[in-house]
Amino acid sequence: MTENNEHQGRIAVITGGSGGIGGAIARRLCDEDAIVHVLDTKESALAAVGYRQVDVSDEAAVDAAFGAIGKIADKIDYLVCCAGIYRPKPFLELSLEDWRQTLQINLTGYFLCCRAALRFMRPQKFGRIVMFSSMIARTGGIEVGHYAASKGGILGLARALAVESAAENIRVNTISPTITDTPLPRAVLSDEVMQSRKAHIPLARIGDVQDMTEACMFLLSGDSSYMLGQDLRVNGGSTLW
Amino acid sequence: MVAAANSRVTVITGGGSGMGRATAIQLARRGDLVCICDFKEDGVKATAALIESAASRRREPAQVKAWIVEVIGKFGKIDCLFSNAGVNARSTVANMTLDQWTLLIDTHVTGSFNFCQAALRDMVTRKSGAIVITSSDFAIVGVPNAANYCAAKTALYSLTKSLALEFAPHGIRVNAIGPGPIDTPLLRAGRTAEEFDNARKAFESRLPIKRLGQPEEVAAVVDFLLSDRATFITGQLIQPNGGQVMW
């Protein structure tokens, strides 16, 4: 059973930490007395977090941000990667620039942040990394070729990193949500479309940020001490593999 | 009837040792009324004694489906089921007897079906409940000298998925766990001390995490899946496996 306050004093970095899922996780980790740093392009609404305006696809900016955060207590314990964009477009209309932008932010951004965090996790022989992928990595979808490729890439990256880092007490796992009720999908999908998705979810509701927060907290905690390279599919039963 | 309004009633099969025992202790500490069964009476008694010392309240040894009815009769409901009972009988396929095959299929698959069906009949009436079934990494990958075990564990994963879909409309969640090599009596069964030591070393060198898992590390995952922390997770195989299988 998890010790009380196991997150107390942990240095946590959350990319996309101003968004729906990332913001909820940031708030929860603050509540559990972790020291939370948010990297995002838009400002965090939380007063308790250390906010840095960072484009995760910018190598120099990522390295500088992690370097500065890591220096404060000479460690980084948790990394939660949530930063991503979702811009559906028909395949034949996808420009190379569209493709590159999604891959650059959703996949390369994860790589850059993991690499920067591992520079601190590796010597301290402790680290927990949770990356958000998507069920679309498995199921595909209409007008999401670039997004599906980026989210599938995350699964491969996570497994490779899990194997490579396991012996150093660094655990890497992923979460694959279905559509979650956050501003990201709401920006491109109508209320009607959002509601219609319920019909495909056996538990008959849309996932919310609370569901994703609980899954993330589980993977950050000692409760999942024997799990690495695993993908937690928090999807209401909509896809069973 | 013992009032259990404020406590979850949790049934654990295979509670006499290993992961079942560790889960019984953890959930009893959480305040669940834990009811355990096991085909080995000494094991179930030993776990029951441990639960007592871990400050829980109730246990009941039995080995048949009717026991569930007895549990419901006593406590009024079943909130959670951890269908975990398992055995092993290692053999090459060439030398495998029908008894060795049937023992594993009956114990794992038919046994789990019986317990799930009995518990679900109660859960459906209350539109609430959670089940975890012990499958295995070997539901996904094979291993030599264990065709009966692999077939049984794959069947349990299939059962999990079907139950998840069939009972989601009733607000009931069903998930499977796929543990890797966990240091339990079952992992040692059928192996001499020397054989187990060799097996352990082989596991440790092959596993990314470089060690066997402990039953408590599985118990923590079962606890999570049965809890309100996992209300949007159903039909999944969750693998506390030290990185043995990633897919």
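Residue numbers (the working numbering), protein chains in the order written: chain A, 1 to 241; chain C, 242 to 488. Where a beta carbon is used, it is the ideal one built from N, C-alpha and C, also for glycine.
| Asked | Found |
| --- | --- |
| Just list the alpha helix (DSSP H) runs in the stretch 276 to 354 of chain C, keeping only unbroken ones of 4 residues or longer that don't cross its boundaries, in chain order. | 282 to 294, 307 to 316 and 339 to 345 |
| Does the Cβ of A:Lys252 have 16 or more other Cβ atoms within 10 Å, making it buried, or fewer, making it exposed? | For residue 252 of chain A there is no data in the structure shown, the boundaries of chain A being 1 and 241. |
| Name, please, each residue of chain A whose Cβ falls closer than 7 Å to the Cβ of C:Leu406. | Pro202 and Gly237 |
| Identify whether A:Gly220 lies in helix, strand or coil by the three-state DSSP scheme. | Inspection of the sequence shows that residue 220 of chain A is occupied by Leu rather than by Gly. In this structure, A:Leu220 counts as helix in the three-state DSSP scheme. |
| For the alpha helix (DSSP H) containing C:Thr401, list its first residue and its last residue. | Ala388 to Phe408 |
| If you check the beta carbons only, do C:Ser248 and C:Asp279 fall under 8 Å apart? | no |
| Report yes if the C-beta of C:Pro410 is less than 7 Å from at least one heavy atom of the ligand NAD; otherwise report no. | This structure lacks the ligand NAD, and indeed carries no ligand of any kind. |
| Should A:Phe91 be labelled buried (16 or more other beta-carbon atoms within 10 Å of its own) or exposed? | exposed |
| Could you tell me whether the Cβ of C:Gly327 comes closer than 8 Å to any Cβ of chain A? | no |
| How would you list, in chain order, the residues of chain A whose beta-carbon sits under 8 Å from the beta-carbon of C:Asn456? | According to the sequence as given, residue 456 of chain C is Pro; it is not Asn. Correct list: empty, because the minimum Cβ distance to chain A is about 10 Å. |
| Listed in chain order, which residues of the stretch 141 to 171 of chain A have Cβ atoms closer than 7 Å to some Cβ of chain C? | Arg159, Ala162, Val163, Ala166 and Ala167 |
| Is it the case that the stretch 429 to 442 of chain C contacts the stretch 325 to 344 of chain C, given that we only count it when at least three CB pairs across the two stretches are under 8 Å? | yes |
| When DSSP labels each residue in this structure, what does C:Val486 get in the three-state scheme? | coil |
| Nearest-angstrom Cα distance between A:Ser57 and A:Gln104? | 6 Å |
| Looking at the structure shown, is A:Leu232 part of a helix, part of a strand, or coil, going by DSSP? | strand |
| Is DSSP giving C:Asp464 helix, strand or coil here? | helix |
| Assuming A:Ser44 and A:Gly17 form a contact by the criterion Cβ under 8 Å, report the distance between their Cβ atoms to the nearest whole angstrom. | 6 Å |
| In chain A, what lies closer than 8 Å to C:Lys402 by C-beta? | Leu240 |
| Check whether the Cβ atoms of C:Ala287 and C:Val275 sit closer than 8 Å, and answer yes or no. | no |
| Please tell me whether C:Gly412 and C:Lys442 are closer than 8 Å, where the distance is taken between their beta carbons. | no |
| Between C:Ala295 and chain A, is any beta-carbon pair separated by less than 8 Å? | At C:Ala295, the pLDDT of 47 sits below 50, so the modelled position is not reliable; the number obtained from the coordinates is stated separately. Judged by the 8 Å Cβ criterion, C:Ala295 is not in contact with chain A. |
| Just mark A:Asp211 as buried or exposed, buried being the case when its beta carbon has 16 or more other beta carbons within 10 Å. | buried |
| At 3 residues or longer, and completely inside the stretch 412 to 439 of chain C: list those beta strand (DSSP E) runs for me, N to C. | 413 to 418 |
| Please list the partners that C:Arg470 has in chain A, where partner means a Cβ-to-Cβ separation under 7 Å. | Glu214 and Phe218 |
| Once DSSP output is grouped into helix, strand and coil, what is the label at C:Thr472? | coil |
| Between the C-alpha atoms of A:Arg87 and C:Gln341, what's the straight-line distance to the nearest angstrom? | 55 Å |
| Can you say whether C:Asn489 is buried or exposed, counting buried as having 16 or more other CB atoms within 10 angstroms of its CB? | Because chain C here runs from 242 to 488, residue 489 of chain C falls outside it and cannot be looked at. |
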